[in-house]
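First residue of the sequence shown: 6, per our numbering; consecutive thereafter.
C-beta: ideal position from N, C-alpha, C; glycine also.
Every value quoted in this text rests on a predicted model; they were computed, and no experiment measured them.
Report on the following structure.
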Amino acid sequence: EEPAPSCDAEAWEAHPRLQRHLRRFSNHADQAAVLSRYARAAGVLDRPSLLRHACHVGAWVALLPIEVAAQAIGDEGLSPVLLLAQLLRSVGGSNLGPWLCGILHLVAGRLRRLGRSPRGRADHWRTLRSCMPRLPRRAAV
């Protein structure tokens, strides 16, 4: 696995790996099916796979436009934000690894900027906020 980027938020946001995950989800013809597949897998994956899935979904939440990240898609009413909350509940808060920690720092920054009255689905953002683990301090994120 390649090393995680520096602690600079811009380096994380522009990282080719995160941009690739964002692009693949954004361009997918059936985003509801992607969310559903990830949600089903959350209950059966081993921890390393679960962490990897959380990185993918975390990248979507950190980098998609705010309204899109919390938009319920499909019959299940899932959004990337709710799916990340579900994955974080499954993962727990310890030994998240440098990639997921870095991505969650971006998500935490987004949550701070949203404040108490987020646009879009406020209930989805509140659910995610309640599931966010304590993260080690980073200098510039």
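With 16 other Cβ atoms within 10 Å as the buried cut-off, status of residue i
| i | result |
| --- | --- |
| ALA144 | At ALA144 the pLDDT is 43, less than 50, meaning the model places this residue with poor confidence; the figure from the coordinates comes in the next sentence. Result: exposed. |
| TRP17 | buried |
| HIS129 | buried |
| ALA34 | exposed |
| ALA75 | buried |
| VAL146 | Bear in mind that a pLDDT of 42 at VAL146, under 50, signals an unreliable position, so the number given afterwards is only what the model happens to contain. Burial call: buried. |
| GLY98 | exposed |
| ARG115 | buried |
| PRO141 | exposed |
Inter-residue CB distance, residue i and residue j (contact presumed, cutoff 8 Å)
| i | j | result |
| --- | --- | --- |
| PRO10 | HIS20 | 5 Å |
| PRO155 | VAL66 | Residue 155 lies beyond the residue range present for the chain, which begins at 6 and ends at 146; the question has no answer from this structure. |
| GLY102 | LEU56 | 6 Å |
| LEU23 | ALA64 | 4 Å |
| LEU119 | ILE71 | 7 Å |
Nearest neighbour of residue i, chosen from the options [CA to CA]
| i | options | result |
| --- | --- | --- |
| CYS60 | LEU27, ARG115 and ASP13 | LEU27 |
| SER31 | LEU68, LEU109, PRO141 and ALA127 | LEU68 |
| VAL73 | SER99, ARG94, ALA127 and ILE108 | ALA127 |
| ALA47 | LEU92, LEU87, GLY63 and ARG22 | LEU92 |
| LEU87 | ARG118, ARG131, ASN100 and GLY120 | ARG131 |
| GLU15 | SER95, ARG94, VAL96 and GLY107 | GLY107 |
Meets three-Cβ-pair contact criterion under 8 Å: the segment 125 to 141 and the segment 39 to 54 = no
In chain order, which continuous runs of the alpha helix (DSSP H) of length 4 or greater are located wholly inside the segment 99 to 139?
-> 102 to 119 and 127 to 136
Say whether the segment 35 to 44 touches the segment 71 to 81, bearing in mind that this needs 3 or more beta-carbon pairs closer than 8 Å, one atom from each stretch.
-> yes
Mind listing, in chain order, the continuous alpha helix (DSSP H) runs of no fewer than 4 residues lying wholly within the segment 42 to 99?
-> 52 to 68, 71 to 74 and 85 to 96
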